[in-house]
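Sequential numbering of the sequence shown, starting at 125, is according to this note's numbering. Just below is one structure, and these are the notes that go with it.
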Amino acid sequence: MSSPRDTLFSLPAVDGSASAEVGVILMGLDARRLLAGLGLASLFDDPGQVTLAVDHARHDAPLRFSLDALVAAGTTRWLAARDALASAGGPAPDSASLRLAWEQTLRLLGDCDLDPAGPSTVAYLAACWLRREEIDRHSP
């Protein structure tokens, strides 16, 4: 019997969604940076702007927010959203294709009853959901 898992590696399609590429980038961030991005996401509507702001905070560039404050805000947002995500879809997608798992997770988020969430919040919540075991270890 074959496994339901997608274990094939594939390059992105030329006409693939930009959102999936955002997901690939976000999935490369460590847990603290994901939580900080989620904390900052409510202030911006663009995942790229959030990622740059988190990177500035990480390097102690002048901001009104410290990295620890952003991580705390992201942790609060994650804990508020986690149960809704779990009840909407169960476990994170089990796929070797990050892009496929990303698209599945975005659909899951669309089915959740979350507070109004812009594209940054959705992107960071999706990344946190896909890496939820690691995120949970950083969320007291």
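Every residue, glycine too, gets a C-beta built ideally from N, C-alpha and C.
- G234, buried or exposed, once every other Cβ within 10 Å from all chains shown has been counted against 16: exposed
- Query: Is L176 near R182, with beta carbons less than 8 Å apart?
  - Reply: no
- Item | Cβ neighbour criterion (16 or more within 10 Å) applied to S211 | exposed
- Please go through the segment 160 to 208 and give each complete beta strand (DSSP E) segment of 3 or more residues, from N-terminal end onward. none
- Message: I'd like to check one pair, T229 with W253: are the Cβ atoms closer than 8 Å?
- Response: yes
- Message: Short of 6 Å in beta carbon distance, which residues of its chain neighbour G198, apart from the five on each side in sequence? Order them along the chain.
- Response: L159, A160, L162, G163
- Give the straight-line distance between the Cα atoms of A185 and V178, rounded to the nearest whole angstrom. 10 Å
- Query: Using the C-alpha atoms, what's the distance from R261 back to R121?
  - Reply: Any question about residue 121 goes unanswered here, given that the chain covers just 125 to 264.
- Query: Based on Cα-Cα distance, which residue from R156, L187, P240, P243 lies nearest to E258?
  - Reply: R156
- chain D within 8 Å of E145, Cβ atoms only: Absence of chain D from the displayed structure is noted, only one protein chain being present.
- Inter-residue Cα distance where the pair is L224 and G147: 10 Å
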